[in-house]
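Residue numbers (the UniProt record's numbering), protein chains in the order written: chain V, 1 to 197; chain R, 1 to 197.
There are 2 protein chains.
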Amino acid sequence: MIATPMRFTRNSEIYGEDEAAEYLYQVVSGAVRTYKILEDGRRQIGAFYLPGDIFGFEAEESHISSAEAICETHLLMVKRTAVIFRASHERELARQLWDAMALELRRFQAHSMLLISSAEDRVIAFLLDISRRTTKSAAIDLPMSRQDVADYLGLTIETVSRTFTQLEQNGAIALPTTRRVELRKDTLSNRFAQNFG
Amino acid sequence: MIATPMRFTRNSEIYGEDEAAEYLYQVVSGAVRTYKILEDGRRQIGAFYLPGDIFGFEAEESHISSAEAICETHLLMVKRTAVIFRASHERELARQLWDAMALELRRFQAHSMLLISSAEDRVIAFLLDISRRTTKSAAIDLPMSRQDVADYLGLTIETVSRTFTQLEQNGAIALPTTRRVELRKDTLSNRFAQNFG
DNA sequence: CGTCCAGTTGACCATGTTCAATACTGGTGG
DNA sequence: CCACCAGTATTGAACATGGTCAACTGGACG
């Protein structure tokens, strides 16, 4: 299957809401956010995609979100129709597609669970999720700004900032720089009442 | 494809979280809720399914939510593996499956948008959604309790109840009985700041 | 050294939660 | 037919969490 490599710069648009959904994408390096702008101007980030993640199939004919590169990002693109066509012959590919969409559903469902928790639980769940998806080590480098985190978690930037500070004071995390977070997982898990699959 | 009809009584379990995901289901009559119980005992309802809706494919191998009949409910069940197998031969079926999952994703995404709005907007969006999915007339009969609505919207039952009362006092809805709601759509839309697809 | 932008902090405020009391509704049995 | 009961819904008052608005900090870069 022909995959086209593409390069996007910080904050550049990958696709827009309501654009025809022509491609599926896989992140090679960098990070991507998908989002919608509400009428009142707020932005809701639906998901972050990190190296290895596949995105773009939140769509029938046209995309329901916009997608932007958070930082310098390399992607692979394949034609959506080509994938679906090939999947109609190859059981294995069909199953992979199915699983990928199921994973996507899982993520959105987990996100819904997040959004009904306290600010602290949201931030902790976010950090653990990013940590699990990027590195097995205890430190993570966030590619996204506090504003991105806030729009993802349905909080304000101030509340996110305060929560980071609080977690640091509790010894649950360390913040060598604003974008680098060292997790003390045992402490974090203790503070973490929720059941996020 | 062999579809088995099944009957479920009020509050009976259709499948449990972590059960093997053997079937896909279509609602013939009645109503279904899918939900997860959080560690702290709260229940998050992920979705309601109404006549015509297909559910059960929020799954790779096992379900990620439990499903219950809200009231007396008739379903059709088909083996998941049978559907996927047939989809690997039939392009049209594959496309239908794809679209159905995309719709499911859309719903979860819309739900995330809901959960970051005010209580009033959540309730209005909920009512408009149910209305759109059931009847073109201005009156709807809610199969679910206030507690169900609260757990779906991430609010308390008290807030839901207060919001219903408020909307009635504003003339945006009428409540002949607690489960029957007459929508004044123009008034509702005015009060409704959000951009829910 | 000054500017700019992202992030942090503080004080006050609004929205929704909590806890508790009260009302309604539908079904059952006298 | 009515009285009673249990489950469901509504209302009220005090409270807590996160939002808002505004001031301040700190680091990167010219």
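Heads up, the beta-carbon is just placed ideally off N, CA and C, and yes, glycines get one too.
Excluding the five sequence neighbours on either side, which residues of its own chain have a C-beta within less than 7 Å of the C-beta of R:L175, listed in chain order?
F164, E168 and V181
What's the C-alpha gap between R:A119 and V:I173?
33 Å
Three-state secondary structure (DSSP) at residue 204 of chain R?
Residue 204 of chain R lies beyond the residue range present for chain R, which begins at 1 and ends at 197; the question has no answer from this structure.
Please look up how many angstroms separate the CB atoms of R:R10 and R:A69, rounded, as I've assumed it's under 8 Å.
6 Å
7 Å Cβ shell around R:K79 - same chain, five flanking residues per side excluded
E22 and Y23
By the three-class DSSP mapping on this structure, what secondary structure does R:T178 have?
coil
Kindly list, in the order they appear in chain V, the residues whose Cβ is closer than 7 Å to that of R:F108.
L105, F108, Q109 and S112
Using beta carbons (cut-off 8 Å, strictly below), is R:L115 in contact with chain V?
yes
How would you call R:L103, buried or exposed, if buried means at least 16 neighbouring beta carbons within 10 angstroms?
exposed
So V:S65 and V:Y25 are in contact, right, with Cβ under 8 Å, and what is the actual spacing, rounded?
At roughly 13 Å, the Cβ-Cβ gap does not stay under 8 Å, so V:S65 and V:Y25 are not in contact.
Would R:S115 and V:I116 qualify as a contact pair, given that the criterion is a beta-carbon distance under 8 Å?
The sequence shown places Leu at residue 115 of chain R, rather than the Ser named in the question. Yes, they are a contact pair.
What residues match up with V:I173 in a beta bridge as DSSP calls it?
V:L183
What residues match up with R:T73 in a beta bridge as DSSP calls it?
R:F8
Can you pull out the residues from the stretch 36-50 of chain R whose beta carbon lies closer than 7 Å to at least one beta carbon of chain V?
K36, L38, E39, D40, Q44 and G46
Measure the C-alpha to C-alpha separation of R:V160 and R:I130 and round it to an integer number of angstroms.
16 Å
What is the DSSP secondary structure of R:D121, counted as helix, strand or coil?
helix
With a threshold of 8 Å between beta-carbons, can V:I84 be considered close to chain R, or not?
yes
At which residues does the beta strand (DSSP E) containing V:D141 begin and terminate?
A139 to D141
In whole angstroms, what separates the C-alpha of V:L105 from that of V:D99?
10 Å
According to DSSP, is residue 209 of chain R helix, strand or coil?
Residue 209 of chain R falls outside the range modelled here, since chain R spans only 1 to 197, and no answer is possible.
At a cut-off of 7 Å, would you count V:L103 as near the ligand NAD, judging by its Cβ distance to the nearest heavy atom?
Questions concerning the ligand NAD fall outside what the structure shown contains, since it holds no ligand whatsoever.
One or two residues paired with V:F126 in a DSSP bridge
Note: V:F126 sits in no beta bridge, so no partner.
C-beta atoms of V:L142 and V:V123 nearer than 8 Å
no
Partners in chain V for R:R95, counting only beta-carbon separations shorter than 9 Å
I84 and S88
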